[in-house]
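Protein sequences appear in the order of chains D and S. Our numbering numbers the first residue of the first sequence as 2 and each following residue consecutively. Our numbering numbers the first residue of the second sequence as 4 and each following residue consecutively.
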Amino acid sequence: MIMVENLKKEFTYYKKMTGIKGSLHNIFHRESLTKEAVRDISFSVESGEMIGFLGPNGAGKTTTLKILSGILYPTGGRIEVDGFIPWERKNEFKRRISIVMGQKNQLWWDLPASDSFYLNKCIFGVDDGSYRDIITELSELLDVKELLNVQVRRLSLGERMKMEILAALIHRPDILFLDEPTIGLDILSQKKIREFLKIYNEQWKTTVIITSHYMADIEALCDRAVIINQGQLVYDGKLADMNQVLGKRKLLSVKTSEAVDIGAWKTFGMVREVSAAGAVLEVPQEKVKEVLNAVLSELQVDDFTVTEIPIEESIARFYQKEVVMP
Amino acid sequence: MSSYRCVFLMGVEQALEYRVSFFLSMLSAVFPIIIQTTMWNYLYRHSDAAAVFGYQQGEILLYTLLATIVSQLVSTGFEGEMNSDIKMGGLNKYLVRPVGYKGYRFFRFLGQKIPRVMVVAPVMAVIIGMAFWQGMPVSAGRVLAFLVSLGLGLILNFSIFYCIGLLGFWLTDVDKLFGTISIVLTVVSGGVFPLDIFGGVVETLVNLLPFGYTTQFPVNIVNGRFGWERMGVGFVFQIGWIFIFVCLGKYMWRHGVKRYAAVGG
């Protein structure tokens, strides 16, 4: 469905020293610099798949999405989306995709969202019947039925985002690009949008690429994550397998009935947290049993749990580029 | 419904959305009329000659009143929006949808004009009626030709300002210039007073440049300053300039979008 091979994108910009002196200097002599926003990214997405596209700010996520949706030309590499070259911007291609950017809006500010929906209906040539059906269905799912005729400027950020998503789906695109759709929203709105996207993807088998800085979004929606950092791919695989790549470690939380000295904890493994009530140890997966036995035999243990390293933490380590794709 | 018709109707709706702004725009159509009338009446009363700058009092009044209205009718205002579309990435939403940006802008512009036209049309009819009653050479044929040239003037002014808006692809802070450009162009279009009062070189320039064809030309048709032959030449110029600006706009768009797609929005 989506195929990206050795994608590269460079931007040129000008260097400017601070202050008026710098500005005057720039009038006569501008030093141009090249920034590699995307260096060499390859991945592919199957039809109906929903992947999380992750990376720290400035990693090149939005740039990649813009190239995939045909807004930007790449500097190099090969891309195919649903059999089309995006930046040729064929109308047939545009009918199959949709992009929602959390920080941009496409609705007419002074008019109710329903007007903008109707405009999209006209632009995409959606027939009356399916238009009615989709508005009824999606507005119910998103819980915005009562708000369709309210001026967009009077909506809250969360409500507006729901409308943006609805507007993007009126022509039933095969592929949906979501660039931080939950940015700045409260927990309830985030949850609602997440649930909606889950149901929508299951029901309509739409291929979705989503970027978000909220791990809850990614964990709830995606099995697979593609992580980039500084324009390069650092991970492509199952979210659940991320820990494996990072050295297969587990967290062992132990509660004790009396306080244990930190020195004593250190004899069992790496100590991540310690308090009067217990400690959290980071232990290699294959040693969990052994360490647990030792702890149980040597200390007065009330309770214990073994958990995976939180995904957020694994991702943070990819962001810091401690590890690169094996 | 075709997408442009939909954009057009939404433009009408948008212009009517704010009642206060709508009524104020009605006022702003009437105010200049009062100012112009008072000013020219005063000038002629204190002048010995029957004609100042070659215009009779009635002629100059007819000219300035109609020119004020025409220049309001053809005036744009979307160039600032275009500039922010380009600068802030709002253009993205047009690039990913199967709709032409220029068509979108044009029909939205037309739609937003409609309420203004409804207010101004009766005023214009009254002015022209009074001119006829005063014995000025207004005729049905001239009014018809005037309406055609007014439509063309609207298209021409749209095309000029569309190109100005597209400058945003190359110049980052062009929006601060828009106010100035718009005022200067109103004056050089003959929107404040007839430019042929300067005679000679200025008059020739006005006849050659595109701007006079947005305002001065339509008004001079109805007030009878032109013979039919000169009117024909004027139409050729008006249509020629539309053609040139449409081509220029196409060229600028093609290169601008390429540039936009290279540097990002």
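Yeah, the Cβ is synthetic: ideal placement off N, Cα and C, and Gly gets one too. Just so we're clear, the structure is a prediction, and the values are computed from it rather than from any experiment.
Status (buried if at least 16 other CB within 10 Å, exposed otherwise) for residue i
{"i": "Asp218 (chain D)", "result": "buried"}
{"i": "Cys9 (chain S)", "result": "buried"}
{"i": "Gln191 (chain D)", "result": "buried"}
{"i": "Trp136 (chain S)", "result": "exposed"}
{"i": "His172 (chain D)", "result": "buried"}
{"i": "Asn226 (chain S)", "result": "buried"}
{"i": "Asp328 (chain D)", "result": "For residue 328 (chain D) there is no data in the structure shown, the boundaries of chain D being 2 and 327."}
{"i": "Gln241 (chain S)", "result": "buried"}
{"i": "Phe220 (chain S)", "result": "buried"}
{"i": "Ala124 (chain S)", "result": "exposed"}
{"i": "Met91 (chain S)", "result": "exposed"}
{"i": "Gln104 (chain D)", "result": "exposed"}
{"i": "Leu30 (chain S)", "result": "exposed"}
{"i": "Glu259 (chain D)", "result": "exposed"}
{"i": "Asn294 (chain D)", "result": "exposed"}
{"i": "Trp43 (chain S)", "result": "buried"}
{"i": "Ile136 (chain D)", "result": "buried"}
{"i": "Asn86 (chain S)", "result": "buried"}
{"i": "Met127 (chain S)", "result": "buried"}
{"i": "Tyr165 (chain S)", "result": "buried"}
{"i": "Ser276 (chain D)", "result": "exposed"}
Contacting residues, own chain, Cβ-Cβ under 8 Å from residue i (five flanking each side not counted)
{"i": "Glu287 (chain D)", "result": "Lys249"}
{"i": "Phe11 (chain S)", "result": "Phe110, Arg111, Leu113 and Gly114"}
{"i": "Ile247 (chain S)", "result": "Pro213"}
Proximity test, Cβ basis, 7 Å: residue i and chain D
{"i": "Pro118 (chain S)", "result": "no"}
{"i": "Leu188 (chain S)", "result": "no"}
{"i": "Phe262 (chain S)", "result": "According to the sequence as given, residue 262 (chain S) is Arg; it is not Phe. Arg262 (chain S) does not count as touching chain D."}
{"i": "Arg108 (chain S)", "result": "no"}
{"i": "Leu98 (chain S)", "result": "yes"}
{"i": "Pro125 (chain S)", "result": "no"}
{"i": "Val205 (chain S)", "result": "no"}
{"i": "Pro197 (chain S)", "result": "no"}
{"i": "Val209 (chain S)", "result": "no"}
{"i": "Val102 (chain S)", "result": "yes"}
Chain S contact for residue i (CB, 7 Å cutoff)
{"i": "Ser24 (chain D)", "result": "no"}
{"i": "Pro327 (chain D)", "result": "Note that Pro327 (chain D) scores a pLDDT of 49, beneath 50, so its modelled location is shaky; the value from the coordinates is reported in the next line. Closer than 7 Å: no."}
{"i": "Ile100 (chain D)", "result": "yes"}
{"i": "Lys16 (chain D)", "result": "no"}
{"i": "Gln245 (chain D)", "result": "no"}
{"i": "Lys95 (chain D)", "result": "yes"}
{"i": "Gln107 (chain D)", "result": "yes"}
{"i": "Asn7 (chain D)", "result": "no"}
{"i": "Asn150 (chain D)", "result": "no"}
{"i": "Asn202 (chain D)", "result": "no"}
{"i": "Asn92 (chain D)", "result": "yes"}
Own chain residues within Cβ distance below 7 Å of residue i, not counting five before or after
{"i": "Ile229 (chain D)", "result": "Ile42, Gly56, Ala60, Gly61, Lys62 and Val235"}
{"i": "Arg96 (chain D)", "result": "Phe125 and His172"}
{"i": "Val284 (chain D)", "result": "Arg250, Lys251, Leu253, Gly270 and Val292"}
{"i": "Thr306 (chain D)", "result": "Ser254"}
{"i": "Ile184 (chain S)", "result": "Ile167"}
{"i": "Pro327 (chain D)", "result": "Because Pro327 (chain D) sits at a pLDDT of 49, beneath the cut-off of 50, its placement in the model cannot be relied upon, and the point is left open."}
{"i": "Ser140 (chain D)", "result": "Lys146, Leu149 and Leu167"}
{"i": "Tyr47 (chain S)", "result": "Val55 and Gln60"}
Cβ shell of residue i (< 6 Å), same chain only, five flanking positions each side left out
{"i": "Trp88 (chain D)", "result": "Gly71 and Tyr74"}
{"i": "Gly194 (chain S)", "result": "Ala70, Ser74 and Thr218"}
{"i": "Met102 (chain D)", "result": "Asp180"}
{"i": "Thr308 (chain D)", "result": "Leu252"}
{"i": "Arg349 (chain D)", "result": "Since the first residue of chain D shown is 2 and the last is 327, residue 349 (chain D) is not available in this structure."}
Chain C contact residues for residue i, given Cβ-Cβ distances below 9 Å
{"i": "Asp111 (chain D)", "result": "Absence of chain C from the displayed structure is noted, the protein chains being D and S."}
Where are the beta strand (DSSP E) runs, 3 residues long or more, that stay fully inside the region 138-217 of chain D, in chain order? Counting only runs of 3 or more, we get 176-180 and 208-212.
Between the region 77-96 of chain S and chain D, which residues of the former have a C-beta closer than 9 Å to a C-beta of the latter? Cβ contacts with chain D come from Met91, Gly92, Gly93, Leu94, Asn95 and Lys96.
Scan the region 115-146 of chain D for residues whose Cβ lies nearer than 9 Å to a Cβ of chain S and list them as they occur along the chain. Along the region 115-146 of chain D, going in chain order, the ones with a CB nearer than 9 Å to a CB of chain S are Asp116, Ser117, Tyr119, Leu120, Asn121, Lys122, Cys123, Ile124, Phe125 and Gly126.
Under 8 Å, CB to CB, which of the residues in the region 57-76 of chain D have a partner in chain S? Those residues of the region 57-76 of chain D that come within reach of chain S (Cβ to Cβ, closer than 8 Å) are Thr64, Lys67, Ser70, Gly71, Ile72, Leu73 and Tyr74.
With 7 Å as the C-beta to C-beta threshold (strictly closer), list the residues of the region 4-27 of chain S near chain D in chain order. Cβ contacts with chain D: Met4, Ser5, Ser6, Cys9, Val10, Met13, Glu16, Gln17 and Glu20.
Whole alpha helix (DSSP H) elements within the region 9-85 of chain S, 4-residue minimum: 22-48 and 60-77, all fully within the region 9-85 of chain S.
What residues from the region 282-297 of chain D come within 8 Å of chain S, judged by C-beta to C-beta, listed N to C? Answer set for the region 282-297 of chain D: empty.
Pull out every residue of the region 156-189 of chain S whose Cβ sits closer than 9 Å to any Cβ of chain D, in chain order. Against chain D - using a Cβ distance shorter than 9 Å - the region 156-189 of chain S contributes no residues.
Closer than 9 Å, Cβ to Cβ, to anything on chain S: give me those residues from the region 231-242 of chain D, in chain order. Of all residues in the region 231-242 of chain D, none has a Cβ within less than 9 Å of some Cβ in chain S.
Note down, one range per segment and in chain order, each beta strand (DSSP E) of at least 3 residues found wholly within the region 277-319 of chain D. The region 277-319 of chain D contains these whole beta strand (DSSP E) runs: 279-285 and 302-309.
Can you check the region 39-119 of chain D for any alpha helix (DSSP H) of at least 4 residues that lies completely inside it and give the ranges in chain order? Counting only runs of 4 or more, we get 62-69 and 92-95.
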